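Protein chains: 4
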Amino acid sequence: MSSNKKQQTWKEKLHTIIYEADTPAGKLFDVVLLFFIIASIILVMLESVNSIDTKYHDLLNIGEWIVTILFTVEYILRLITVNKPLKYAFSFYGIIDLLSTIPKYLSLIFVGTHALVALRGLRLLRVFRILKLGRYLGASNTLVNAIKASRVKISVFLFAVVIISIILGTIMYMIEGEENGFTNIPKSVYWCIVTLTTVGYGDIAPQTPLGQFIASIVMVLGYGIIAVPTGIVTSELAKSSDKKIDTNTQACPNCTAESHKDNAEFCYDCGHNLH
Amino acid sequence: MSSNKKQQTWKEKLHTIIYEADTPAGKLFDVVLLFFIIASIILVMLESVNSIDTKYHDLLNIGEWIVTILFTVEYILRLITVNKPLKYAFSFYGIIDLLSTIPKYLSLIFVGTHALVALRGLRLLRVFRILKLGRYLGASNTLVNAIKASRVKISVFLFAVVIISIILGTIMYMIEGEENGFTNIPKSVYWCIVTLTTVGYGDIAPQTPLGQFIASIVMVLGYGIIAVPTGIVTSELAKSSDKKIDTNTQACPNCTAESHKDNAEFCYDCGHNLH
Amino acid sequence: MSSNKKQQTWKEKLHTIIYEADTPAGKLFDVVLLFFIIASIILVMLESVNSIDTKYHDLLNIGEWIVTILFTVEYILRLITVNKPLKYAFSFYGIIDLLSTIPKYLSLIFVGTHALVALRGLRLLRVFRILKLGRYLGASNTLVNAIKASRVKISVFLFAVVIISIILGTIMYMIEGEENGFTNIPKSVYWCIVTLTTVGYGDIAPQTPLGQFIASIVMVLGYGIIAVPTGIVTSELAKSSDKKIDTNTQACPNCTAESHKDNAEFCYDCGHNLH
Amino acid sequence: MSSNKKQQTWKEKLHTIIYEADTPAGKLFDVVLLFFIIASIILVMLESVNSIDTKYHDLLNIGEWIVTILFTVEYILRLITVNKPLKYAFSFYGIIDLLSTIPKYLSLIFVGTHALVALRGLRLLRVFRILKLGRYLGASNTLVNAIKASRVKISVFLFAVVIISIILGTIMYMIEGEENGFTNIPKSVYWCIVTLTTVGYGDIAPQTPLGQFIASIVMVLGYGIIAVPTGIVTSELAKSSDKKIDTNTQACPNCTAESHKDNAEFCYDCGHNLH
Numbered sequence: 000m001s002s003n004k005k006q007q008t009w010k011e012k013l014h015t016i017i018y019e020a021d022t023p024a025g026k027l028f029d030v031v032l033l034f035f036i037i038a039s040i041i042l043v044m045l046e047s048v049n050s051i052d053t054k055y056h057d058l059l060n061i062g063e064w065i066v067t068i069l070f071t072v073e074y075i076l077r078l079i080t081v082n083k084p085l086k087y088a089f090s091f092y093g094i095i096d097l098l099s100t101i102p103k104y105l106s107l108i109f110v111g112t113h114a115l116v117a118l119r120g121l122r123l124l125r126v127f128r129i130l131k132l133g134r135y136l137g138a139s140n141t142l143v144n145a146i147k148a149s150r151v152k153i154s155v156f157l158f159a160v161v162i163i164s165i166i167l168g169t170i171m172y173m174i175e176g177e178e179n180g181f182t183n184i185p186k187s188v189y190w191c192i193v194t195l196t197t198v199g200y201g202d203i204a205p206q207t208p209l210g211q212f213i214a215s216i217v218m219v220l221g222y223g224i225i226a227v228p229t230g231i232v233t234s235e236l237a238k239s240s241d242k243k244i245d246t247n248t249q250a251c252p253n254c255t256a257e258s259h260k261d262n263a264e265f266c267y268d269c270g271h272n273l274h
Numbered sequence: 000m001s002s003n004k005k006q007q008t009w010k011e012k013l014h015t016i017i018y019e020a021d022t023p024a025g026k027l028f029d030v031v032l033l034f035f036i037i038a039s040i041i042l043v044m045l046e047s048v049n050s051i052d053t054k055y056h057d058l059l060n061i062g063e064w065i066v067t068i069l070f071t072v073e074y075i076l077r078l079i080t081v082n083k084p085l086k087y088a089f090s091f092y093g094i095i096d097l098l099s100t101i102p103k104y105l106s107l108i109f110v111g112t113h114a115l116v117a118l119r120g121l122r123l124l125r126v127f128r129i130l131k132l133g134r135y136l137g138a139s140n141t142l143v144n145a146i147k148a149s150r151v152k153i154s155v156f157l158f159a160v161v162i163i164s165i166i167l168g169t170i171m172y173m174i175e176g177e178e179n180g181f182t183n184i185p186k187s188v189y190w191c192i193v194t195l196t197t198v199g200y201g202d203i204a205p206q207t208p209l210g211q212f213i214a215s216i217v218m219v220l221g222y223g224i225i226a227v228p229t230g231i232v233t234s235e236l237a238k239s240s241d242k243k244i245d246t247n248t249q250a251c252p253n254c255t256a257e258s259h260k261d262n263a264e265f266c267y268d269c270g271h272n273l274h
Numbered sequence: 000m001s002s003n004k005k006q007q008t009w010k011e012k013l014h015t016i017i018y019e020a021d022t023p024a025g026k027l028f029d030v031v032l033l034f035f036i037i038a039s040i041i042l043v044m045l046e047s048v049n050s051i052d053t054k055y056h057d058l059l060n061i062g063e064w065i066v067t068i069l070f071t072v073e074y075i076l077r078l079i080t081v082n083k084p085l086k087y088a089f090s091f092y093g094i095i096d097l098l099s100t101i102p103k104y105l106s107l108i109f110v111g112t113h114a115l116v117a118l119r120g121l122r123l124l125r126v127f128r129i130l131k132l133g134r135y136l137g138a139s140n141t142l143v144n145a146i147k148a149s150r151v152k153i154s155v156f157l158f159a160v161v162i163i164s165i166i167l168g169t170i171m172y173m174i175e176g177e178e179n180g181f182t183n184i185p186k187s188v189y190w191c192i193v194t195l196t197t198v199g200y201g202d203i204a205p206q207t208p209l210g211q212f213i214a215s216i217v218m219v220l221g222y223g224i225i226a227v228p229t230g231i232v233t234s235e236l237a238k239s240s241d242k243k244i245d246t247n248t249q250a251c252p253n254c255t256a257e258s259h260k261d262n263a264e265f266c267y268d269c270g271h272n273l274h
Numbered sequence: 000m001s002s003n004k005k006q007q008t009w010k011e012k013l014h015t016i017i018y019e020a021d022t023p024a025g026k027l028f029d030v031v032l033l034f035f036i037i038a039s040i041i042l043v044m045l046e047s048v049n050s051i052d053t054k055y056h057d058l059l060n061i062g063e064w065i066v067t068i069l070f071t072v073e074y075i076l077r078l079i080t081v082n083k084p085l086k087y088a089f090s091f092y093g094i095i096d097l098l099s100t101i102p103k104y105l106s107l108i109f110v111g112t113h114a115l116v117a118l119r120g121l122r123l124l125r126v127f128r129i130l131k132l133g134r135y136l137g138a139s140n141t142l143v144n145a146i147k148a149s150r151v152k153i154s155v156f157l158f159a160v161v162i163i164s165i166i167l168g169t170i171m172y173m174i175e176g177e178e179n180g181f182t183n184i185p186k187s188v189y190w191c192i193v194t195l196t197t198v199g200y201g202d203i204a205p206q207t208p209l210g211q212f213i214a215s216i217v218m219v220l221g222y223g224i225i226a227v228p229t230g231i232v233t234s235e236l237a238k239s240s241d242k243k244i245d246t247n248t249q250a251c252p253n254c255t256a257e258s259h260k261d262n263a264e265f266c267y268d269c270g271h272n273l274h
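Protein chains in written order, with numbering that gives the first Met the number 0: chain W, 0 to 274; chain C, 0 to 274; chain S, 0 to 274; chain V, 0 to 274.
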């Protein structure tokens, strides 16, 4: 650590503001950040609407650049104020932050790199830090745990759905044939998933009596098996006893590890002093 | 209270009739009121049907005015018989009652203020007072409590649905493009919500194989995550033990507070004598 | 009882065959009856298919008459073998049996009385007597009890759905207007129910951005509140302990009361000797 | 057993590889097999896509023959290495394996026997052997047990759905008639199932006000009764206590019985020595 005492204090202060939401400044930073994330998403959306884009193209473009530059500054500050920048750069949020920033720069060089902007939506996940309400974090943890606990059962269930869709889709392709919209097996399997999940677009629908009979069976089947994931998640949630969860938003200045205990003095991950 | 003994008695009697459903007169008042609320809704509905409106325009108009005048009289009586009229005027029911009454008057001056009539539907909520059956109130309380208790979990869930819709909607816009109906990102996000909730209108449907593949994933995802709110509400309902709930319909003549205990002598909110 | 010993025995024997499924003859009778009920339903269905009806009109007509005459004979026998014919005639099954029989006779006199044949479907409920498997009766009782126990909660829920549909339907009528298919308020309310229940035909679909935004809210709402009836029924089913249920199919020869205990000597309803 | 010591060892070794997944060789065999099953399904799918089939017809045909020959070899080896080949040949997997292999041979003689290839999807079920993860087997067992336990209740429920569909379908046929797409009763019943299960294609949709009113009832009904199978499965899953389940993949070399205890010396079904 080749930095003098004063500089470290300056970095430490910024670290508290950027990575934590316990102090008023940290909270304000997160609220402002969230505002710009939402603004950036709305900008991308408006840009995609032709009638709006032709009218306000320059305005939207300027807005995009403002957001992009702010995101860039934020990304650089995050890298500077953390002791292990690489660890942040390759963390989930670090990658999302980078990918949300670069598409505008890339659009100067390449055409069609706009696709990455979709990832800006993921930045919305930061909202959970701002809410900074134990119950929100607790609730999302309870949900995530219930889903995790039923992970295996849900995999088995989804696998069964895929097998059923392949078999019934192939059968429907045989029965209905190309003249009724079931032009090939992948499309028939797609139809089967559309029906089994009770979405039912209606762009492809069986026309022959036999096809409609089998479709009815698929529907009742889909109607019945929707009970399975529900049953799985419900019984898991009923088990979970909503234990107290630590909602401290401090992040270790050394390794960015979170969820420290409220009275923690050292990082549980790297042992660095938290204060 | 600058009213003599007799007037107060008259006001008190009316208060009992209008605000409470324990006496035969009070019950009759509520039933008649409900009849006129339903009549007013049917009138608005019929008026919107062109073929009926051209035939019976005058009849419907007269009906509307009768209902509006009756609602006006009722609103004024409610204001008069309550000790704190402002508290009623700015209560949930007070606002609904006012907004259900004024659109017809406004229609004399302005055009297009008809929109407010939709709020008359909310007046239907008064039905719960008339049913005056402990089990209905109890059941609705149990439901409301279960939903309240799972409020935070459901918010987290809905927030996750919004993020998923934004990301997948943007991706689908990239893949399908304008020629397949995904004309802009907001419309793609709309499509994603239509699919995720298994509604599936079919006005926008993916046409490319890759788009249909991703749509299949969205559907199975939507099919799976419907389990989450169900699981949340079910485990809450299973917890709730259907405790006895006070179903007294008396309202304080001073401040309109409700849910007094059956043997209450004074209002729990303002201390006013209830008898 | 003005009948000699022998006649009573003959009536008693027939009663056992027709009303009970414990003896081989009784079981055979019920199976044959079920066969004719299913045949009668298939006949009505085939008759409605134009291409089949034009080809086999006479054949179908003869089949219909055979079924109708057999049903008539069965109905008369049921009236004769019971001690209190009026009680049977006005019981649930008695009315269904009559209404399933008369439409063919009425079709000789009036045109368009065919509508009643739909009621033949209800005769299928007799299948539960034939299955004569305690577990089927037990299972259906458990289900019915769970639904009965949650009757009040489900009413409250359905009432909330109706109010939401009326309000949101009216709002959508204001926003979308006649040019986008929301021709009147009843139709808008219908659209709202189609969307809220996630059926989503797509014959009416919002076209304006604001309409699509509100539709998205309706969908997520519908997606969320589907959790409520599920939660209600699940928590009721979890409570029910699948108690042993009497599955005796004996019916009192005097008053047709059912569900007698296996070792019952006298009818629990009218005190008549069961043997 | 008219085979010398050496041959038996050779057969035994092959049996371990083909029928079991405990040894590295057995696991490798299963992974390779799964790869070819998935390849065979993809081949069938691609062949059905016209644009791909015209381009790569020969390539796909060769691939099909390679897969078919490999499946044939595997099927013969399975028959040889098992002591009771007939028992395997008539087991669930034995029939599936045969039916997945023969359609290509039959296509040389007959036209249109391709229908059987749909059954190849069932071979995917072998994936569960490869996963060879106790928790997957355990999870699928828990699910299957919960569904088995609620078998009777679900039958009753499905039967009720069928009766409701027949009655409401017939009523809608009367109301809407042929001019609105309800051309005959079977089609109306199909519509009713499409609506009741909330699939809602929209190819048939009620047009008359009365028809739309009844359709609304059908939808709310369908929305409500989806709660029933969910409640059934959930309460069963909540009961099941995720007991330890034996996940040994050994198969008896004599009779192919599976699920032996880890320390089993003899087959629990035929008493044959397992080692």
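Note that beta-carbon positions come from the ideal geometry of N, C-alpha and C, so glycine has one too. Given the structure is predicted, the values throughout are model-derived calculations rather than measurements.
Under the three-state DSSP convention, the category residue i falls into
i	result
glutamate 73(W)	helix
alanine 204(S)	coil
glutamate 19(S)	coil
Chain C within 9 Å of residue i, Cβ atoms only
i	result
valine 198(V)	yes
leucine 13(V)	no
tyrosine 172(W)	no
valine 188(S)	yes
Rounded separation between residue i and residue j - CA only
i	j	result
phenylalanine 34(V)	phenylalanine 109(W)	39 Å
threonine 71(W)	serine 99(W)	9 Å
glutamine 141(C)	lysine 152(C)	Here residue 141(C) is threonine; the residue named in the question, glutamine, does not match the sequence. Cα to Cα, threonine 141(C) sits roughly 18 Å from lysine 152(C).
glycine 25(W)	tyrosine 18(W)	7 Å
alanine 88(W)	isoleucine 94(W)	6 Å
glycine 201(W)	isoleucine 203(C)	11 Å
threonine 53(W)	serine 47(W)	10 Å
arginine 77(V)	phenylalanine 28(V)	12 Å
Residue-chain proximity (residue i, chain V), Cβ-Cβ < 9 Å
i	result
glycine 180(C)	no
glutamate 175(W)	no
threonine 233(C)	yes
Heavy atom of the ligand GTP within 8 Å of residue i beta-carbon
i	result
isoleucine 65(S)	Absence of the ligand GTP is noted for the structure shown, with no ligands found whatsoever.
Any C-beta of chain S under 9 Å from that of residue i
i	result
methionine 218(V)	yes
isoleucine 36(V)	no
threonine 229(V)	yes
glutamate 63(C)	no
serine 215(V)	yes
Same chain, Cβ closer than 7 Å to residue i, five either side skipped, listed in chain order
i	result
valine 143(V)	none
leucine 123(C)	Ile36
Close beta carbons around residue i, own chain, < 8 Å, minus the five adjacent residues each side
i	result
serine 164(C)	Val188, Cys191, Ile192, Leu195
Contact with chain W by residue i, beta-carbon distance below 9 Å
i	result
phenylalanine 158(C)	yes
Cut-off 6 Å between Cβ atoms - residues of its own chain near residue i, not counting five sequence neighbours on either side
i	result
leucine 121(W)	Ile95
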